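Peer 1: Let me begin by handing over the structure; questions about it come next.
2 protein chains.
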Amino acid sequence: MVERREQIVAAALELLEADGREAMSMRSIAERVGVRAPSLYKHFPDKAAVELELTVIGLTEMTEALEAAEPGLLPCARAYRSFALARPHLYRLTTANPLPRLLLPEGLEDRAAGPILRAMHGRADLARAVWAFAHGMVMLELDGRFPPGADLEPAWTAGCTAFQ
Amino acid sequence: MVERREQIVAAALELLEADGREAMSMRSIAERVGVRAPSLYKHFPDKAAVELELTVIGLTEMTEALEAAEPGLLPCARAYRSFALARPHLYRLTTANPLPRLLLPEGLEDRAAGPILRAMHGRADLARAVWAFAHGMVMLELDGRFPPGADLEPAWTAGCTAFQ
DNA sequence: TGGTATCAGCTAACACCGTTAGCCGTTGCG
DNA sequence: CGCAACGGCTAACGGTGTTAGCTGATACCA
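Sequences listed follow chains A and B, in order. As numbered in our numbering, residues 968 to 1131 make up the first sequence, in order. As numbered in our numbering, residues 968 to 1131 make up the second sequence, in order.
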């Protein structure tokens, strides 16, 4: 029998990825697990603690996706965008939120920063700028902020070219 | 006597800027106006309609801030960041949201895009990349995503230099 | 074996949210 | 005068996260 905690996290992740953050209520998570909402509080202190688990998952899997990319900025950027578009709700939860870094597994944040930092040859300021560029591109795309029908590929390559 | 509609929008804006989006409930808006929450629905069809007014205000004032900047990318970027840091909750509501562009005043979106587009000499792809860079920098900063104590000034200048 | 403490479920409830239904006094107009 | 529209109101609905308090089962220990 799988741990309840893991069942809860799995149910929350399914709901999040399927229908977004507001579909992931404590009651809907509980229902998916086959339990009533208050019982979740026997395993997690509050909803934020469940979301923290999802953040760790998102950060980890995103890091793996970036590490699996070919070296260089453009492949890294493509991997970044692919992950965000494939799992938009998880990406949002993972990145577009205050980061409770005190509660994160030791070293995860640094590891996540690694691929971009290496693509920029260890220059932290440039790496931050590139990270912001990628994050901004993804968020604006996910939020439907670019003009409808706009081809974003040229913007990505223009950005990557500028930073190289 | 000022229009009720304007009172409501003003109250909503005050609550938003003072304490963030979740402090801006229909009940708290109503209380500030001196009325009960259901009465708001005599003036707006729903909360989204109130938020739309705030989005228009935010977009307009941000556009004016950018237009007031010296020409060139770096001054434009500084103005962008200054606005976002000075009015973080309004910035969030205005930009980190699906944009109901059908309901926006005609031409506002294009006008908002103008300053950055001019700074990039009319090259749309580069302008989009720069916009994403600035938006990403601001969002990551507002969300406390950069390492605590990190000096972001070099990242901004590195980005602006790369795009110039 | 009996007693007890811990675990993990439950129901009921609280305070909040956006929103709707329906009532009512005031205002303005034909 | 009569009537309609406006803009308040209360009560309520279904949703949210969360807490209190009860209960049955399990595990451990004298």
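In this text, a Cβ means the ideal position worked out from N, Cα and C, and glycines have one as well. This one's a predicted model, so the numbers in the text were calculated from it and none came from an experiment.
Alpha carbon to alpha carbon, how far is L1040(B) from A1122(B)?
Peer 2: 14 angstroms
Peer 1: My output table needs one value for F1050(B): the three-state DSSP class, helix, strand or coil.
Peer 2: Three-state DSSP puts F1050(B) in a helix.
Peer 1: Under DSSP, the alpha helix (DSSP H) around L1057(B) begins and ends at which residues?
Peer 2: 1055 to 1062
Peer 1: Go ahead and pull the three-state DSSP assignment for V1002(B).
Peer 2: coil
Peer 1: Is A1046(A) near A1036(A), with beta carbons less than 8 angstroms apart?
Peer 2: yes
Peer 1: Rounded to the nearest angstrom, what separates R1112(B) and C1043(B) at their Cα positions?
Peer 2: Going by the C-alpha atoms only, they are around 23 angstroms apart.
Peer 1: For the alpha helix (DSSP H) containing A1125(A), list its first residue and its last residue.
Peer 2: Residues 1120 to 1130.
Peer 1: Can you list, in chain order, the residues of its chain with a C-beta nearer than 6 angstroms to that of L1084(A)? Leave out the 5 residues immediately preceding and following it.
Peer 2: A1094
Peer 1: Answer yes or no: does any C-beta atom of chain A fall closer than 8 angstroms to that of M968(B)?
Peer 2: Residue confidence is low: M968(B) scores 48 on pLDDT, short of 50, so the model does not pin down where it sits. Its coordinate-derived value is still stated next. No, no contact with chain A.
Peer 1: So for A977(A), helix, strand or coil by DSSP?
Peer 2: If DSSP states are grouped into helix, strand and coil, A977(A) belongs with the helices.
Peer 1: Taking 8 angstroms as the cut-off, decide whether the C-beta atoms of G1126(A) and A1096(B) are in contact.
Peer 2: yes
Peer 1: Under DSSP, the alpha helix (DSSP H) around M1106(B) begins and ends at which residues?
Peer 2: Residues 1091 to 1109.
Peer 1: In the structure shown, what three-state DSSP assignment does L1066(B) receive?
Peer 2: coil
Peer 1: Which same chain residues end up closer than 7 angstroms to E984(B) when comparing Cβ atoms and leaving out the 5 residues on each side of it in sequence?
Peer 2: Answer for E984(B): R1054, H1056, L1057, listed in chain order.
Peer 1: For A1117(A) and F1130(B), what's the separation of their Cα atoms in angstroms?
Peer 2: Straight across, the Cα-Cα distance linking A1117(A) with F1130(B) is about 20 angstroms.
Peer 1: Have a look at T1027(B), A977(B), V1017(B), L1107(B) and flag the residue whose alpha-carbon is nearest the alpha-carbon of R999(B).
Peer 2: A977(B)
Peer 1: Can you tell me whether DSSP reads G1025(A) as helix, strand or coil?
Peer 2: helix
Peer 1: For E1076(B) and L1033(B), I'd like the C-alpha separation in whole angstroms.
Peer 2: 13 angstroms
Peer 1: Is the beta carbon of R1078(A) less than 8 angstroms from the beta carbon of T1030(A)?
Peer 2: Using a Cβ distance threshold of 8 angstroms, R1078(A) and T1030(A) count as a contacting pair.
Peer 1: Can you check which of these residues, A1091(A), L1109(A), L1107(A), is closest to E1120(B) by C-alpha distance?
Peer 2: E1120(B) has its Cα closest to that of A1091(A), out of A1091(A), L1109(A), L1107(A).
Peer 1: With a threshold of 8 angstroms between beta carbons, is A1086(B) in contact with chain A?
Peer 2: Among the residues facing chain A, A1086(B) is not included, as its CB has no counterpart in that chain under 8 angstroms away.
Peer 1: Is DSSP giving A990(B) helix, strand or coil here?
Peer 2: Correct three-state label for A990(B): helix.
Peer 1: Can you list, in chain order, the residues of its chain whose CB lies under 7 angstroms from that of E1018(B), leaving out five sequence neighbours each side?
Peer 2: L1060
Peer 1: So, are the CB atoms of A997(B) and L982(B) less than 8 angstroms apart?
Peer 2: With respect to the 8 angstroms criterion, A997(B) and L982(B) are not classified as neighbours on the basis of their beta carbons.
Peer 1: A1063(B) touches chain A at which residues, Cβ-Cβ below 8 angstroms?
Peer 2: From the beta-carbon of A1063(B), the residues of chain A found nearer than 8 angstroms are A1063, M1106, D1110.
Peer 1: Assuming contact is defined by CB atoms lying nearer than 8 angstroms, are M1106(A) and H1102(B) in contact in what I supplied?
Peer 2: yes
Peer 1: Check whether the Cβ of H1056(A) lies closer than 8 angstroms to any Cβ atom in chain B.
Peer 2: Chain B contact via Cβ: absent.
Peer 1: With distances taken Cα to Cα, identify the nearest neighbour of R988(B) among E1073(B), G1081(B), T1124(B), T1022(B).
Peer 2: T1022(B)
Peer 1: If we cut at 8 angstroms on Cβ distances, does F1113(A) have a partner in chain B?
Peer 2: By this cut-off, F1113(A) is an interface position.
Peer 1: Can you look up M968(A) in the DSSP assignment and give me helix, strand or coil?
Peer 2: Because the pLDDT at M968(A) is just 47, under 50, the model does not fix this residue reliably, and the point stays unresolved.
Peer 1: Report the residue from D1110(A), W1098(A), P1065(A) whose alpha carbon sits nearest the alpha carbon of A1063(B).
Peer 2: Per the C-alpha coordinates, the member of D1110(A), W1098(A), P1065(A) positioned closest to A1063(B) is D1110(A).
Peer 1: How would you write the range of the alpha helix (DSSP H) that D1077(A) sits in, first residue to last?
Peer 2: Taken as a continuous stretch (DSSP letters only), the alpha helix (DSSP H) holding D1077(A) covers 1075 to 1086.
Peer 1: Any beta carbon of chain B sitting closer than 8 angstroms to that of A1046(A)?
Peer 2: Closer than 8 angstroms to the CB of A1046(A) there is not a single CB belonging to chain B.
Peer 1: Determine, using beta carbons only, whether F1100(A) and A1080(B) come nearer to each other than 8 angstroms.
Peer 2: Their beta carbons are not under 8 angstroms apart, which means F1100(A) does not touch A1080(B) by this criterion.
Peer 1: Among the residues of its own chain, which have a CB less than 6 angstroms from the CB of G1089(A), if the five just before and after it don't count?
Peer 2: none
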